[in-house]
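In UniProt numbering, the protein residues as written are 1 to 187. Beta carbons are placed, not taken as given, at the ideal position from N, Cα and C, and that holds for glycine.
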């Protein structure tokens, strides 16, 4: 809850930049209940409950000591699947500085090494070139198209599916990311 002021400020400042990529609530069926976007408190309560139930890992992204975005590992499924999907957003002011690929790499390494997941997916609108570039830099595989997958910016939108399994990054995704960047010291 202590991040509320910073989160609201960053989210408000980035509203227009994020709008084409953020999930929206579809219209209710005829006679169905109207659902509204959750308040910050409701969002935090939901994230905490899902994390406590083992279905989600919510993270705040910081850059130079300031809140710069959010990353959520959600849809955690156990049993024969051991899988999850990652969603994220970043402050436009720090986009292009390697913040999001680093955050995704850290989260995926945590999922594979500490949590014990086998597969992680990221679903991205085909038009979202910066977000696609994040997963491509990290070596996620493009697996195909999910037509009308999520309600985004007022309509059902297609998404490309990118995935990675633990076997594909035995050295860790963060190490792969660091090794792919020019001028990064190698271990």
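Spanning the alpha carbons of residue 105 and residue 129 requires a straight line of approximately 18 Å. Look at the beta carbons and you see the segment 21 to 34 not touching the segment 67 to 82: under three pairs across the two are nearer than 8 Å. Per DSSP, residue 158 lies in no alpha helix (DSSP H); the unbroken beta strand (DSSP E) holding it starts and ends at 155 to 165.
A Cβ-Cβ contact shorter than 9 Å links residue 22 with residue 152.
Taking residue 118 as the centre and dropping the five residues before and after it, the same chain places the C-beta of 82, 83, 165, 166 closer than 7 Å to its C-beta, in chain order. Distances from the alpha-carbon of residue 162 to those of 134, 175, 156, 7 put 134 closest. Collapsing the DSSP output to three states places residue 30 in coil.
Looking at 160, 41, 122, 116, the one whose alpha-carbon comes closest to that of residue 148 is 160.
Closest in alpha carbon position to residue 35, among 26, 171, 61, is 26. Each of 91, 51, 57, 71 was checked against the Cα of residue 64, and the nearest Cα belongs to 91.
Cβ atoms of residue 150 and residue 173 stay farther apart than 8 Å, at about 24 Å. Excluding the 5 residues flanking it on each side, residue 158 has same chain C-beta neighbours closer than 8 Å at 125, 126, 145, 146, 147, 148, 149, in chain order. Here the alpha carbons of residue 175 and residue 1 stand approximately 32 Å from one another.
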